[in-house]
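Here the sequence shown is numbered in our numbering, starting from 43 and rising by one per residue. Where is the CB? At the ideal position from N, CA and C, for every residue including glycine. Being a predicted model, the structure only gives us computed values, none of them experimental.
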Amino acid sequence: MSLSWKLDTPTIGLAMLSAAEVPNFLAGLLPSLMTINRFAAGEEDRIALRRGEVFGSILSVGIGVGATVASGSWWPLAGTLIVLGILLFLYESGIQNPSPTAKAIDDQ
């Protein structure tokens, strides 16, 4: 099978569907971006958050690869990776730069 950069209606649909699954996988494994930013995370928590990022990324890329194989085009995987990159950037920003008033969640 040969993959191309063809862009037709079914490919656009598969690209949109696979990219839209990224936030769903991450939301299933991680707290919201607001929660991550509002609560200070200890080292154990940061490890758990990054584990969620890794497994959410694996699932997301799997969907992107599946949609790419089904469409014969690279666009679904490209769209998935773009959305994944943006969301991982946002999650990492929250993990590394919590709100100045953030407290540990068990310290409330």
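Euclidean distance between Cα positions of residue i and residue j
i, j, result
"G108", "F67", "15 Å"
"A120", "G114", "13 Å"
"G127", "W116", "16 Å"
"M43", "V111", "9 Å"
"L91", "I124", "20 Å"
"A62", "T122", "8 Å"
"A69", "L101", "12 Å"
"G136", "G104", "25 Å"
"P142", "A82", "9 Å"
"Y133", "L75", "6 Å"
"L45", "I54", "15 Å"
"K48", "D87", "43 Å"
DSSP state of residue i mapped onto helix, strand, coil
i, result
"A82", "strand"
"S44", "coil"
"S113", "helix"
"N66", "helix"
"T143", "coil"
"D50", "coil"
"P73", "coil"
Status (buried if at least 16 other CB within 10 Å, exposed otherwise) for residue i
i, result
"I78", "buried"
"F131", "exposed"
"L72", "buried"
"V96", "exposed"
"T51", "exposed"
"L129", "buried"
Beta-carbon separation (whole angstroms), residue i vs residue j, contact threshold 8 Å
i, j, result
"G106", "S60", "5 Å"
"L56", "P118", "5 Å"
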